[in-house]
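Line by line, the protein sequences give chains B and W.
Residue 51 in numbering that gives the first Met the number 0 sits at position 52 of the first sequence, with consecutive numbering throughout.
Residue 179 in numbering that gives the first Met the number 0 sits at position 180 of the second sequence, with consecutive numbering throughout.
By construction, the Cβ of each residue, glycine as well, lies at the ideal position given by its N, Cα and C atoms.
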Amino acid sequence: MAETRYTKDHEYIRIDGDTGTVGITDYAQGQLGDVVFVELPSVGKALTKGGEAAVVESVKAASEVYAPVSGEVVAVNSELEAAPGTVNEDPAGKGWFVKIKLTNTGELDGLLSEAEYQDYVKTL
Amino acid sequence: MAAEAETASTEPLLKTPFHARHVAAGARMVPFAGYDMPVQYPAGIMAEHNWTRENAGLFDVSHMGQAFLVGPDHETTARALEALIPADIVNLPPGKQRYSQLLNEEGGILDDLMVTRSADPDEDGALLLIVNAACKTADYAHIEARLPANVKLVKAEHRGLIALQGPKAEEVLAALNPEAAEMGFMTLRTLKLGGVKANVSRSGYTGEDGYEISAAADRIGEIWDALLLDPKVKPIGLGARDSLRLEAGLCLYGHDIDTATSPVEAALNWSIQKRRREEGGFPGAARIQREFAEKPARVRVGLLPEGRAPAREGADIATADGTIVGKVTSGGFGPTLNGPCAMGYVAREHAAPGTKLDLIVRGKPLAATVAAMPFVPNRYKR
Numbered sequence: 000m001a002e003t004r005y006t007k008d009h010e011y012i013r014i015d016g017d018t019g020t021v022g023i024t025d026y027a028q029g030q031l032g033d034v035v036f037v038e039l040p041s042v043g044k045a046l047t048k049g050g051e052a053a054v055v056e057s058v059k060a061a062s063e064v065y066a067p068v069s070g071e072v073v074a075v076n077s078e079l080e081a082a083p084g085t086v087n088e089d090p091a092g093k094g095w096f097v098k099i100k101l102t103n104t105g106e107l108d109g110l111l112s113e114a115e116y117q118d119y120v121k122t123l
Numbered sequence: 000m001a002a003e004a005e006t007a008s009t010e011p012l013l014k015t016p017f018h019a020r021h022v023a024a025g026a027r028m029v030p031f032a033g034y035d036m037p038v039q040y041p042a043g044i045m046a047e048h049n050w051t052r053e054n055a056g057l058f059d060v061s062h063m064g065q066a067f068l069v070g071p072d073h074e075t076t077a078r079a080l081e082a083l084i085p086a087d088i089v090n091l092p093p094g095k096q097r098y099s100q101l102l103n104e105e106g107g108i109l110d111d112l113m114v115t116r117s118a119d120p121d122e123d124g125a126l127l128l129i130v131n132a133a134c135k136t137a138d139y140a141h142i143e144a145r146l147p148a149n150v151k152l153v154k155a156e157h158r159g160l161i162a163l164q165g166p167k168a169e170e171v172l173a174a175l176n177p178e179a180a181e182m183g184f185m186t187l188r189t190l191k192l193g194g195v196k197a198n199v200s201r202s203g204y205t206g207e208d209g210y211e212i213s214a215a216a217d218r219i220g221e222i223w224d225a226l227l228l229d230p231k232v233k234p235i236g237l238g239a240r241d242s243l244r245l246e247a248g249l250c251l252y253g254h255d256i257d258t259a260t261s262p263v264e265a266a267l268n269w270s271i272q273k274r275r276r277e278e279g280g281f282p283g284a285a286r287i288q289r290e291f292a293e294k295p296a297r298v299r300v301g302l303l304p305e306g307r308a309p310a311r312e313g314a315d316i317a318t319a320d321g322t323i324v325g326k327v328t329s330g331g332f333g334p335t336l337n338g339p340c341a342m343g344y345v346a347r348e349h350a351a352p353g354t355k356l357d358l359i360v361r362g363k364p365l366a367a368t369v370a371a372m373p374f375v376p377n378r379y380k381r
């Protein structure tokens, strides 16, 4: 089973070998409210850990999604253009944003495990 | 992920008479103009917005300021207010309401407000003012400092205010008092609603038909509860109130209008009646009369971006060659429009509907078209 790691900014990355699928957590989509638009990067773009990976627009506001780790974008979820609400409905599944090829797997060590993230959310 | 910060303050937040009801209903509460207010209920902004457009939405707007201007007769009170605002109040009939603006000496807008003349002959000389929450303290000081000795401002801080908005609002309120159905747009009546005496006006700020209901703070909760017994009614938060008023092309104070903008620049010409345009006699009259005659250098317009990406407040507006010609003052996603919409100020030569402009969103030009407002047709009961 693929392992999923989390940031305190509510992004997740699901690791599969040297690539990872990035999205936002269920907690994050709940905080955002109805997602109406997602701006995704181009395939091939180099992302830096903590840098902007995508922008999510809800009815209310725009929010940046940060790259949990550094890497090159190898795929984007273009389905979200027509159906941005998928981010609300299935954030951990069909509502993913980008897949990246990790350039430094060591960066994963600084991220939260599933249990650590759930504990963190309880403190919010 | 980083969301826009909500306005925080170290001051303790004020509560409206409905605060406990909002919390019990699971609302997400946020600080707004010094009050702890519901931004949305569990259904979310989109559902609340659509509910209001199709049924009836119930809004707590008790944070807004309510005050009576009281003088010896209508003429005296109206003249005192006309010295501060550009609307014709002298000729406002009993039981009628008008939208206007408090102006500074430069013709800039200190606040926008609703002015209502009492329908009761015993209350001749009384005008009800409803002002914005964030401005009310400054508004009251401004007004009081400029009143003649025989006119007084009486703050109605013991009153709450709710808005019932949407195509089913009439049916819902008429079930509590059939007289509600007889009221015309921008009129006021004193009605008993479930045993509570309320000042009811047929108005609102969503573009929909509806009512605003003012009653004593210790009794208004009974009206709220009675309205919510009707399955056509759901409570709606400030988030949907903002998306509804944006689609309706209505200004939000502090965003679309402020102390630097005049009512003419803001395209609020309709709110300044002919007599006042001709006679002047309000703060900043010279500027406003000049803008009427010569047209202002910049004007508020509607903007429809192409695609689905919203342009938010603060985005620059540019021509195709990159020249900045204005700024977005309100923008977001219109649930009824099923697309983004915005309003902002542009140099007059770019203000004609159909003009193609770019909105600069995250450094990139987003193609948009100047469009007539409202974006969603209003449905006031004329």
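Where residue i sits in the DSSP three-state scheme
| i | result |
| --- | --- |
| A180(W) | helix |
| L83(W) | coil |
| R276(W) | helix |
| P339(W) | strand |
| K44(B) | coil |
| K7(B) | coil |
| M0(W) | coil |
| S242(W) | helix |
| D25(B) | helix |
| N87(B) | helix |
| I142(W) | helix |
| P120(W) | helix |
| A400(W) | Outside the modelled stretch of chain W, which goes from 0 to 381, sits residue 400(W), for which no answer is possible. |
| A19(W) | helix |
| T368(W) | strand |
| K355(W) | strand |
| M45(W) | helix |
| E104(W) | coil |
| E305(W) | coil |
Cutoff 8 Å; reference residue i; Cβ partners in own chain excluding five residues on either side
| i | result |
| --- | --- |
| D33(B) | S57, V58, G84 and N87 |
| H141(W) | L83, L101 and L109 |
| G25(W) | Y40 and P41 |
Pick from the options that is closest to residue i, judged by C-alpha positions
| i | options | result |
| --- | --- | --- |
| S213(W) | G343(W), G64(W) and G279(W) | G64(W) |
| T75(W) | G283(W), T322(W), A125(W) and E178(W) | A125(W) |
| L192(W) | E104(W), G43(W), E221(W) and G338(W) | E221(W) |
| M0(W) | A61(B), K98(B), V35(B) and S69(B) | A61(B) |
| M372(W) | L365(W), A351(W) and K380(W) | A351(W) |
| I88(W) | H21(W), K273(W) and H141(W) | K273(W) |
| K135(W) | E293(W), V298(W), G279(W) and K154(W) | K154(W) |
| H21(W) | Y98(W), D59(W) and A133(W) | D59(W) |
| A259(W) | I161(W), I271(W), L83(W) and L102(W) | L102(W) |
| V375(W) | S242(W), F17(W) and G362(W) | S242(W) |
| A86(W) | M182(W), A216(W) and E277(W) | E277(W) |
| E138(B) | T24(B), V37(B), L39(B) and V72(B) | Chain B is shown from 0 up to 123; residue 138(B) falls before or after that span and cannot be answered. |
| R347(W) | R378(W), A284(W) and E293(W) | E293(W) |
| K231(W) | A42(W), G43(W), A55(W) and H48(W) | A55(W) |
| P67(B) | V120(B), D17(B), L110(B) and T18(B) | L110(B) |
| V21(B) | G43(B), A53(B) and Q30(B) | A53(B) |
| D257(W) | T328(W), G280(W) and L226(W) | T328(W) |
| R218(W) | R307(W), L57(W), P16(W) and A285(W) | P16(W) |
| N377(W) | D357(W), G353(W) and S202(W) | S202(W) |
| A341(W) | Q288(W), R244(W), E264(W) and S270(W) | R244(W) |
| G33(W) | L12(W), Y252(W), A118(W) and H48(W) | L12(W) |
Neighbourhood of residue i by C-beta distance below 6 Å, restricted to the same chain and skipping five residues each side
| i | result |
| --- | --- |
| P339(W) | P304, P309 and F332 |
| D15(B) | A1 |
| V345(W) | V300, I316, V324 and G325 |
| H73(W) | D123 and G124 |
| V73(B) | K98 and K100 |
| H150(W) | Looking at the sequence shown, residue 150(W) is not His but Val. G70, T76 and A79, listed in sequence order. |
Nonlocal neighbours in the same chain, by C-beta distance under 7 Å from residue i, ignoring five residues either side
| i | result |
| --- | --- |
| M36(W) | M28, V29, H62 and L237 |
| L190(W) | N176, E178, A179, A197 and V199 |
| L336(W) | E246, F374 and V375 |
| A144(W) | none |
| Y379(W) | F184 and D208 |
Whole-number beta carbon distance between residue j and residue i, since they are thought to touch under 8 Å
| i | j | result |
| --- | --- | --- |
| A215(W) | H157(W) | 6 Å |
| Q100(W) | T115(W) | About 16 Å; that fails the 8 Å criterion. |
| E207(W) | G165(W) | 5 Å |
| R13(B) | T3(B) | 5 Å |
| L302(W) | V369(W) | 6 Å |
| V64(B) | F96(B) | 6 Å |
Beta carbon proximity, residue i to chain A, threshold 8 Å
| i | result |
| --- | --- |
| R240(W) | No chain A appears in this structure, whose protein chains are B and W. |
Hey, is the segment 52-69 of chain W in contact with the segment 126-142 of chain W, meaning 3+ C-beta pairs nearer than 8 Å?
Segments in contact, yes.
Check whether the segment 36-53 of chain B touches the segment 96-114 of chain B, counting contact only when three or more Cβ pairs, one atom from each stretch, lie closer than 8 Å.
With the rule of 3 Cβ pairs closer than 8 Å, the segment 36-53 of chain B counts as touching the segment 96-114 of chain B.
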